[in-house]
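Residue numbers (the numbering used here): 9 to 347. We put the beta carbon where it would ideally sit given N, CA and C, even for glycine.
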Amino acid sequence: RLLSFINSPLSIEQQQATSDLTSESYLPPTSFNMPIVTAATALRRSLEDPKSFIVAPGVYDGLSARIALSVGFDALYMTGAGTAASVHGQADLGICTLNDMRANAEMLANISPSTPVIADADTGYGGPIMVARTTEQYSRSGVAAFHIEDQVQTKRCGHLAGKILVDKETYVSRIRAAVQARKRMGSDIVVIARTDALQGHGYEESVARLRAARDAGADVGFLEGITSREMARQAVQDLAPWPMLLNMVEHGATPSISVDEAKEMGFRIIIFPFAAIGPALTAIREGMEKLKRDGLPGLSTDLTPQMLFRTCGLDDSLKVDVEAGGAAFQGGVDLEDKE
Numbered sequence: 009r010l011l012s013f014i015n016s017p018l019s020i021e022q023q024q025a026t027s028d029l030t031s032e033s034y035l036p037p038t039s040f041n042m043p044i045v046t047a048a049t050a051l052r053r054s055l056e057d058p059k060s061f062i063v064a065p066g067v068y069d070g071l072s073a074r075i076a077l078s079v080g081f082d083a084l085y086m087t088g089a090g091t092a093a094s095v096h097g098q099a100d101l102g103i104c105t106l107n108d109m110r111a112n113a114e115m116l117a118n119i120s121p122s123t124p125v126i127a128d129a130d131t132g133y134g135g136p137i138m139v140a141r142t143t144e145q146y147s148r149s150g151v152a153a154f155h156i157e158d159q160v161q162t163k164r165c166g167h168l169a170g171k172i173l174v175d176k177e178t179y180v181s182r183i184r185a186a187v188q189a190r191k192r193m194g195s196d197i198v199v200i201a202r203t204d205a206l207q208g209h210g211y212e213e214s215v216a217r218l219r220a221a222r223d224a225g226a227d228v229g230f231l232e233g234i235t236s237r238e239m240a241r242q243a244v245q246d247l248a249p250w251p252m253l254l255n256m257v258e259h260g261a262t263p264s265i266s267v268d269e270a271k272e273m274g275f276r277i278i279i280f281p282f283a284a285i286g287p288a289l290t291a292i293r294e295g296m297e298k299l300k301r302d303g304l305p306g307l308s309t310d311l312t313p314q315m316l317f318r319t320c321g322l323d324d325s326l327k328v329d330v331e332a333g334g335a336a337f338q339g340g341v342d343l344e345d346k347e
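See below:
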């Protein structure tokens, strides 16, 4: 922003009259005079388009994110359960701190900065001051959207029994703090209000909490633990035209609902938190058991180091070196075939 002021032929008064420098999402135009759109802005625009439907597979580390991007997904979801499991080797019981979650979200968001990352933000990690701090840190990290829930600080996965909630007023204060922080920053980050009230307080209380969150300025609603297709459809209708997110945890509390079904029901976003970590759990266990039993993992012949590294952007990295005039990789990195 400073350089754009210095290099501009306009006076300071003219620049101030023609530029919105109060917005965090403002970036100087490119040489082609095209605005740079953040992932948060792109996601917000998608939600404003009634024909848009967002599918976000759950990822938990750089490799799972790279694979999801390589098969063509246009959005990603950072799962809190996956983050707890991969970062700490722990169950999703509120163990991850704001720093844990923000660091993982920032890494994921910056693998492909134009791809929206929707991130779990648990309870916001404290009262309104901490929720505001969470909002600021997620926004500065490049996260496009995040959800905040109404469980107590010692929370647990939404698909486990025994959840304890804060009262509605405390929940709404969390949402309000997030919305106000977003506005102060001039950020387009999307605030998603999640309620876990269904399990212990019933459907009507859940909808009442979501309506209160909507009135506090939340951009999207998220009813956790939906137990039937009929309830899913009813929730969309009861909260229309507010955009709703469906959390599709297979073999959890919610019946299996496909992308096409969710779209037909009227949801605007669907996330699949276990899409990567579920298959990874199975595959890693099978590989370790085979190694223990047979003395070799028995990997397929196409599973080479080069294949792994190419999935993780090897060719792009080598291109950077070559274009900069580097000599370290002139001979390439591929080994000759061995018998």
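Cβ neighbours of Ala-243 within its own chain (closer than 6 Å, five residues either side excluded): Leu-231. A buried status is given to Gln-145, since no fewer than 16 other beta-carbon atoms sit within 10 Å of its beta-carbon. For a cut-off of 8 Å, the C-beta gap from Thr-131 to Lys-163 is around 6 Å, short enough to register as a contact. The beta carbon of Ser-72 is closer than 6 Å to those of Ala-284 in its chain, skipping five residues each way along the sequence. Your pair Pro-305 and Gly-90 does not check out as a contact, with CB atoms roughly 23 Å apart and the cut at 8 Å. For Ile-277, the uninterrupted beta strand (DSSP E) run begins and ends at 277-280, by DSSP. If you draw a straight line from the Cα of Ala-270 to the Cα of Val-199, it comes to about 21 Å.
Below 8 Å, enough C-beta pairs join the region 47-65 and the region 120-129 to call them touching: three or more.
Selection Val-341, Phe-154, Pro-249, Gly-102 evaluated against Arg-219 yields Pro-249 as nearest (Cα-Cα). If the five residues before and after Thr-262 are omitted, its C-beta is found closer than 6 Å to the C-beta atoms of Ile-234, all from its own chain and listed in chain order.
Apart from the 5 residues on each side of it in sequence, Ala-92 sits with its Cβ closer than 6 Å to the Cβ of Gln-98, Asp-100, Ile-103, Cys-104 in its chain, given in chain order.
For Thr-178, the uninterrupted alpha helix (DSSP H) segment begins and ends at 176-193. Put simply, of Leu-206, Ala-226, Gly-150, Arg-148 the residue whose alpha carbon is nearest the alpha carbon of Ile-183 is Ala-226.
The three-state secondary structure of Met-256, taken from DSSP, is coil.
Counted as a single uninterrupted DSSP element, the beta strand (DSSP E) harbouring Arg-202 occupies residues 198-203. Between Ile-277 and Val-341, the CB-CB gap reaches or exceeds 8 Å.
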